[in-house]
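**Q** Numbering (my numbering), first residue to last: 788 to 1173. Backbone N, C-alpha and C fix where the C-beta goes; we use that ideal spot for every residue, glycine too. Treat the numbers as computed from the prediction; the structure is a model and nothing was measured. I have a structure I would like to understand better, so I am pasting it below and will then ask my questions one at a time.
In structure tokens:
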């Protein structure tokens, strides 16, 4: 294949990175005359310029650049502009062995050259080292986060039992500090229950298989005439199937959420099973309430539960892997979830009915009960006509 043709094929994905922002943010388009349909804009109109840029780079650098890395970096940049969880995998990436079963005990989301800590497993290596949700990571084992895809970054957090991981993060004062973690196998955390006066709080650590049955046994002896506070602030992992089972157990009915996928009709997911609802229910959510737990919270909110805490991140999405002809693959966010109340859980997340910021020292159950008993804020008075 001629070199210029080869560059044309490989540079196609790069076009979106340059042309789509122009289409979205450029000058106002000329309005067509009444009754005349405007010609569609071609997002690949800048292809020839991209070809020329790549050719100039290849022909004029004193040291010949590694064009495979140039193209791979461009493809990854295009993918991340669509969604930070998208990733480009080379054929070499796909041949890598599993990194190991041990974990660092945190969930991160890459954005540009940084990664934000979304969740920290209580009692895990990251928690023991003082890492908190909201911390910003700049380097992993000395490598810039900017060079890693979401897939590669997730791999770096796992490894053999006892292996070490160096994280360079910004602390509260803005200084870049090095923190060394020792990966370990994380035991499954139990569901915890705290009793109060005519109330109880259940903290759900995740929505992995078996949680609904565990919760059912825990609630069997409880008085359903009391107030239930379901704490989802640390619920960062799990499945939609388990979320549907938990929703049904707590008395929710109808639809858990709606799955949307390109080229396919919307697919509502029904609540699974049935249970006895509590007289009054409330939810605690926050920045570590991710994915399936966001969908669960939206379903229970639709059923009348009051939501307290902080806005969730909006990661109600699912990824698919698509093979490429040259041996690599791409992981794309190809499906998204809408909450039962129509919430766009892939973008906006779930907003609480009342913001309630809690520290570890706070009595969360008491704070929620106080908020439930407080009168609802009065609606703003309508503006007087001038």
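Rounded to the nearest angstrom, how far is the Cβ of residue 1115 from that of residue 878, given a contact under 8 Å?
**A** 5 Å
**Q** Whole beta strand (DSSP E) runs in the region 1080 to 1152 with 3 or more residues, listed along the chain?
**A** 1093 to 1096, 1104 to 1110 and 1116 to 1126
**Q** For residue 1068 and residue 1092, I'd like the C-alpha separation in whole angstroms.
**A** 5 Å
**Q** When you compare the CB positions of residue 1001 and residue 978, do they come within less than 7 Å of one another, or not?
**A** yes
**Q** Can you confirm whether the region 1023 to 1043 touches the region 1051 to 1063 when touching is taken to mean that 3 or more C-beta pairs between the two stretches lie within less than 8 Å?
**A** yes
**Q** Assign residue 1065 to one of two classes, buried (16 or more other C-beta atoms within 10 Å of its C-beta) or exposed (fewer than that).
**A** Classification of residue 1065: buried, given that the 10 Å Cβ count is 16 or more.
**Q** Use the C-beta contact count for residue 1201: other C-beta atoms within 10 angstroms, 16 or more gives buried, fewer gives exposed.
**A** Any property of residue 1201 remains undetermined from this structure, which presents the chain solely from 788 to 1173.
**Q** Between residue 814 and residue 852, what straight-line distance do the alpha-carbon atoms span, to the nearest angstrom?
**A** Residue confidence for residue 814 is low, a pLDDT of 44 falling below 50, so the modelled location carries little weight and cannot support an answer.
**Q** Ordered along the chain, which non-local residues of its own chain (more than five positions away) have a Cβ less than 8 Å from that of residue 1026?
**A** Within the same chain, residue 1026 has close Cβ partners 994, 995, 996 and 1079.
**Q** How is residue 972 classed by DSSP in three states: helix, strand or coil?
**A** Of the three classes helix, strand and coil, the one that applies to residue 972 here is coil, per DSSP.
**Q** Cα-Cα, which of 1097, 1044, 1109 and 1157 is closest to residue 1142?
**A** 1097
**Q** So, does the region 984 to 994 touch the region 1106 to 1125, judging by three or more C-beta pairs under 8 Å?
**A** No: fewer than three Cβ pairs fall under 8 Å.
**Q** Can you list, in chain order, the residues of its chain whose CB lies under 6 Å from that of residue 928, leaving out five sequence neighbours each side?
**A** 953
**Q** Within 8 Å, do at least three Cβ pairs link the region 874 to 888 to the region 914 to 934?
**A** Touching, no, given that fewer than three Cβ pairs across the two stretches are closer than 8 Å.
**Q** Please classify residue 1088 as buried or exposed, where buried requires at least 16 other C-beta atoms within 10 Å of its C-beta.
**A** buried
**Q** How is the alpha helix (DSSP H) around residue 862 delimited, first residue to last?
**A** 854 to 869
**Q** Please classify residue 839: does DSSP put it in a helix, a strand, or coil?
**A** Helix.
**Q** Work out the CA separation of residue 936 and residue 963 for me, nearest whole Å.
**A** 22 Å
**Q** For residue 1102, tell me which candidate among 907, 1160 and 871 has the shortest Cα-Cα distance.
**A** 871
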